[in-house]
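The next block holds one structure in the form of structure tokens; read it before the comments.
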Amino acid sequence: MDFLTEAFVDTLRLLPLLAVVYFFVSFMEYRYGEKMGLFLSHFRRFSPVVGAAFGCIPQCGFSVAASALYVKRLISIGTLLAVFISTSDEAIPVLLSMPDKAGLVGLIIAIKVVLAIIAGVAIDMLLKKRQSPSQYQTSSVSVADEKKEPANIIEHCGCCRHHIDEKQSKFKALFVHPLAHTFKIFIFLFVLSALLGFILERTGEQKIAELLLKGTIFQPMLTTLIGLIPNCFASVLLAKFFADGTISFGSLIAGLCASAGLGLLVLVKENKNFKDTLLVVGLLTTISVLAGIITQFVMTH
418 MDFLTEAFVD TLRLLPLLAV VYFFVSFMEY RYGEKMGLFL SHFRRFSPVV
468 GAAFGCIPQC GFSVAASALY VKRLISIGTL LAVFISTSDE AIPVLLSMPD
518 KAGLVGLIIA IKVVLAIIAG VAIDMLLKKR QSPSQYQTSS VSVADEKKEP
568 ANIIEHCGCC RHHIDEKQSK FKALFVHPLA HTFKIFIFLF VLSALLGFIL
618 ERTGEQKIAE LLLKGTIFQP MLTTLIGLIP NCFASVLLAK FFADGTISFG
668 SLIAGLCASA GLGLLVLVKE NKNFKDTLLV VGLLTTISVL AGIITQFVMT
718 H
């Protein structure tokens, strides 16, 4: 049962920094979250750049807002993908709480933002005819919606789909939620660490490495599939695997590029054009896998 004690102690060490990061993120989300969505919808010409910049903020609320805007055709497919690629969800707070990995956070964000901008702009240029200006006001936007401001169209959600508005209790938004979120991630990390410790004790590190295709070109493909899981914990899992040395840096990049959190779930649920949804997911998957393979090649040569 030593693995339980080790898992608890290791996770407990992360708790203070984890809490600080989540309190800061909650403040930014509460204070500026809706303004980010409005800004994105008003500056379509530069929206892939703006989307990539906002997407790197460590919370999945903005990817949810981007999906809502895209479903109403208020932003382009390139902008949506820029947000998805730039988003790292829970991985950034988790990595920041690990002193030996915190130094890589800046590099991870930089790679993802640059990739998001390049991919977003390139896709909008390639699909320019497909998304002509008239498409922004197609039947996907109802007459009632056309009369609304973007603020009324966007259901402003934060991470874990909690609702945010400026009228709610500041105590709840700025204290209760980040505290609950910190506790939730702490429990998940503990359970994950204990589970990995148990498997490691029974099978050995080599077996886990083999299961996760360590050292092969296929690992970025596997982590991309993990990243596509529309849940905040997918990015936590990727961060934990990377911290333990189970996956490579390139595989982490692949998984985090695909990890759009609840944004993907909202897109699948709300977008009535199934082929369009498949196109978004297909492009996101392809870009993520290629990004991981290229990063892995560069880092090892």
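If you're matching positions, the sequence shown starts at 418 in the working numbering and goes up one per residue.
For each residue, glycine too, the CB sits at the ideal point set by N, CA and C.
(1) Go ahead and label Leu-421 buried or exposed: buried means 16 or more other beta carbons lie within 10 angstroms of its beta carbon, across all protein chains shown.
(2) Do the stretch 701 to 713 and the stretch 654 to 670 touch if we need at least three Cβ pairs shorter than 8 Å?
(3) Less than 8 Å separating the beta-carbons of Ile-540 and Gly-495?
(4) Would DSSP call Ala-366 helix, strand or coil?
(5) Consider the C-beta atom of Ile-526 and the heavy atoms of the ligand SAH; say whether any pair is separated by less than 7 Å.
(6) Which of the three DSSP states, helix, strand or coil, is assigned to Leu-628?
(7) Is Ile-509 helix, strand or coil by DSSP?
(8) Which of the three DSSP states is assigned to Phe-635 in this structure?
(9) Is it the case that the stretch 589 to 604 contacts the stretch 431 to 442, given that we only count it when at least three CB pairs across the two stretches are under 8 Å?
(10) For Asp-517, report the span of its alpha helix (DSSP H) as first-last.
(11) Looking only at C-alpha atoms, which of Ala-671, Ala-675, Lys-657, Leu-682 sits nearest to Leu-376?
(12) What's the call for Asp-506, buried or exposed, on a 16-neighbour Cβ count within 10 Å?
(13) Taking all protein chains shown into account, do 16 or more other C-beta atoms lie within 10 angstroms of the C-beta of Leu-524, making it buried, or fewer, making it exposed?
Let me lay it out:
(1) exposed
(2) yes
(3) yes
(4) The requested residue 366 does not occur in the structure, where the chain is confined to residues 418 to 718.
(5) Ligands displayed in this structure: none; no statement on the ligand SAH is therefore possible.
(6) helix
(7) helix
(8) Secondary structure of Phe-635 (DSSP, three-state): coil.
(9) yes
(10) Neither: Asp-517 is in no alpha helix (DSSP H) and is coded neither H nor E.
(11) Past the edges of the chain, shown from 418 to 718, lies residue 376, and the structure says nothing about it.
(12) buried
(13) It counts as exposed.
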